[in-house]
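Engineer: Residue numbers (our numbering), protein chains in the order written: chain A, 21 to 280; chain B, 18 to 191.
#1: Any C-beta of chain A sitting closer than 7 Å to the C-beta of residue 101 of chain B?
#2: With a CB to CB cut of under 8 Å and the five nearest residues on each side skipped, what residues in its chain are close to residue 26 of chain B?
#3: So what's residue 54 of chain A in DSSP terms, helix, strand or just coil?
#4: How many angstroms separate the CA atom of residue 204 of chain A from the CA atom of residue 186 of chain A?
#5: Does residue 104 of chain B get closer than 7 Å to chain A when you measure Cβ to Cβ?
#6: Strictly by DSSP, which residues pair up with residue 178 of chain B?
#7: Would you say the region 100-114 of chain A touches the region 247-262 of chain A, given that touching needs at least three Cβ pairs under 8 Å?
#8: Measuring CB to CB, does residue 101 of chain B end up less than 7 Å from residue 182 of chain A?
#9: Span of the beta strand (DSSP E) holding residue 52 of chain B?
#10: Can you tell me whether residue 73 of chain A is buried or exposed, with buried defined as 16 or more other CB within 10 angstroms of its CB?
#11: Rounded to whole angstroms, how far is the Cβ of residue 115 of chain B from the Cβ of residue 103 of chain B, which I believe are closer than 8 Å?
#12: In chain B, what lies closer than 8 Å to residue 68 of chain A by C-beta?
#13: Keeping to the same chain, check which residues put their C-beta closer than 7 Å to that of residue 83 of chain A; ignore five residues upstream and five downstream.
#14: Taking residue 154 of chain A as the query, report the chain B residues whose CB atoms sit under 7 Å from its CB, ordered along the chain.
#15: If I follow the unbroken beta strand (DSSP E) through residue 185 of chain B, where does it start and stop?
#16: Drop a sphere of 10 angstroms on the beta-carbon of residue 73 of chain B, count the other beta-carbons inside from all chains shown, and report buried for 16 or more, exposed for fewer.
#17: Determine, using beta carbons only, whether residue 191 of chain B comes closer than 7 Å to chain A.
#18: In the region 122-203 of chain A, which residue ranges form an unbroken alpha helix (DSSP H) of at least 4 residues, counting only runs that do not cross its ends?
#19: Compute the distance between the beta-carbons of residue 150 of chain A and residue 234 of chain A, then report whether it is under 7 Å.
#20: If I follow the unbroken alpha helix (DSSP H) through residue 237 of chain A, where does it start and stop?
#21: Relative to the alpha-carbon of residue 253 of chain A, which residue among A/30, A/36 and A/97 has its alpha-carbon at the smallest distance?
#22: According to a CB-to-CB cut-off of less than 8 Å, which residues of the region 71-94 of chain B neighbour chain A?
#23: Using DSSP with H/G/I as helix, E/B as strand and the rest coil, what is residue 94 of chain B?
#24: Counting only beta-carbon separations shorter than 7 Å, does residue 75 of chain A have a partner in chain B?
#25: Less than 6 Å between the CB of residue 33 of chain A and some heavy atom of the ligand ZN, yes or no?
#26: For residue 217 of chain A, count neighbouring C-beta atoms within 10 Å of its own C-beta (all shown protein chains included) and say buried if the count is 16 or more, exposed if not.
#27: Compute the distance between the beta-carbons of residue 197 of chain A and residue 162 of chain A, then report whether it is under 7 Å.
#28: So, with DSSP's three-state summary, where would you put residue 217 of chain A?
#29: Taking its Cβ as the centre, do 16 or more other Cβ atoms sit within 10 Å of residue 85 of chain B, making it buried, or is it exposed?
#30: Could you tell me whether any Cβ in chain B is nearer than 7 Å to the Cβ of residue 45 of chain A?
#31: What residue from B/166, B/111 and B/187 has the CA that sits closest to residue 150 of chain B's CA?
#32: Are there 16 or more other CB atoms within 10 angstroms of the CB of residue 139 of chain A, so buried, or fewer, so exposed?
#33: Between the region 265-278 of chain A and the region 85-105 of chain A, can you find at least three pairs of beta-carbon atoms closer than 8 Å?
#34: Just to make sure I have the definition right: I need the residues of chain A whose C-beta is within less than 9 Å of the C-beta of residue 24 of chain B. Which are they?
#35: The alpha helix (DSSP H) with residue 84 of chain A in it runs from where to where?
#36: Does residue 82 of chain A have its Cβ less than 7 Å from a Cβ in chain B?
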């Protein structure tokens, strides 16, 4: 359990960076998954995807809400979601990858969920009480997401020849975007030192284990670790983020302050 | 304000026990276990509420319903506070609430199996034992199967009875 809130001692800029990274992952993936609404192969999966997106958007409100407080410029979670430009977003490149087919969406979800689960599990013990509380809430939801995505990639991987082929392809496409989850910078190191967050590197072994176990059951072959794309965590994104933001932010950009 | 004019917190709890959940109106907010605290701070009544799911769209409606119910009882100065920790668990759904869910056609959550990260696996394993079966709320049969891990609201999963063939919602454990 959290013992103290090191609000006074921890570098505010580093804390804000972490909160934006964590909130932006949930926001961008939540948006991507919500794009499926009304388009899924079966009704139950349409509902499941929409509910997963909803959990992620709820978590976004908590993380970005705290980021707004820590940032000290009076910005709300909505301001941060709707009024920042692409280079200010701190999400992993993995979560902005296009949805592709249903299998690819689920593979992206699984690779992210396995990491998200381990991150939140560690954050439950953060020395920052506010972070520990959000993590405690989000962890339960994400544990459930991981069970679902794991189950589905196994069913599709170990399914028909066609579903197997598509899942193997999805894995090959997404694999080069997984390395970014485990590379820390000075800001991560400062927070890890203060016990606020786990170091990104420390999550790798657990992730490898969850992934290896599921891929074996799914009869899928783990791709070789080659070149890994990086940049999202410091605001250097692929072109896809721009398209996401043009849709996500349109209303508030075109009609500033609109409410309903 | 004279203290004598204030309703007791017990009375307020009773009023809240009559406020229905907006999505599952057969159970009340207190059945659901989301009202964590009721207390007077000076002349303001503070009601502490915990969200079921962080993105549950019913949360806003629930807050409005609480304010409306208390305003109807003549309480003007009410403040709602959000508490995230300890996080809500389906284990907090009251025994009465579970019965009401079942009568309504929703299989209640299996007590004590809330989130530890291996939920469904654990339930699948446990459901081999008769007292932990996700039973069909219509015919009571233990022969049921999961259709999807999510149902009509974030808090539910979809199941089907393989005896009476009725699909039903299961209030998933978290």
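Cβ atoms here follow ideal geometry from the backbone N, Cα and C, with glycine treated the same way.
Structural biologist: Reading from the atomic positions:
#1: yes
#2: 55, 56 and 57
#3: helix
#4: 32 Å
#5: yes
#6: B/161
#7: Touching, yes, given that three or more Cβ pairs across the two stretches are closer than 8 Å.
#8: Cβ distance not < 7 Å, so residue 101 of chain B and residue 182 of chain A don't count as in contact.
#9: Segment 52-58, the beta strand (DSSP E) holding residue 52 of chain B.
#10: buried
#11: No, residue 115 of chain B and residue 103 of chain B are not in contact; Cβ-Cβ is about 20 Å, not under 8 Å.
#12: 165, 166 and 167
#13: 39, 42, 43, 46 and 154
#14: 101
#15: 184-188
#16: buried
#17: yes
#18: 122-143, 149-177 and 181-194
#19: no
#20: Start and end: 224-237.
#21: A/36
#22: 71, 72, 73 and 74
#23: Residue 94 of chain B falls in the coil class under three-state DSSP.
#24: yes
#25: Ligands are entirely absent from the displayed structure, and the ligand ZN is therefore not among its contents.
#26: buried
#27: no
#28: coil
#29: That one is exposed.
#30: Cβ-Cβ to chain B under 7 Å: no for residue 45 of chain A.
#31: B/187
#32: Result: buried.
#33: yes
#34: Neighbours of residue 24 of chain B on chain A: none; closest Cβ ~31 Å, over 9 Å.
#35: Residue 84 of chain A: member of the alpha helix (DSSP H) spanning 63-91, first to last residue.
#36: Taking Cβ atoms only, chain B reaches closer than 7 Å to residue 82 of chain A, which makes this a yes.
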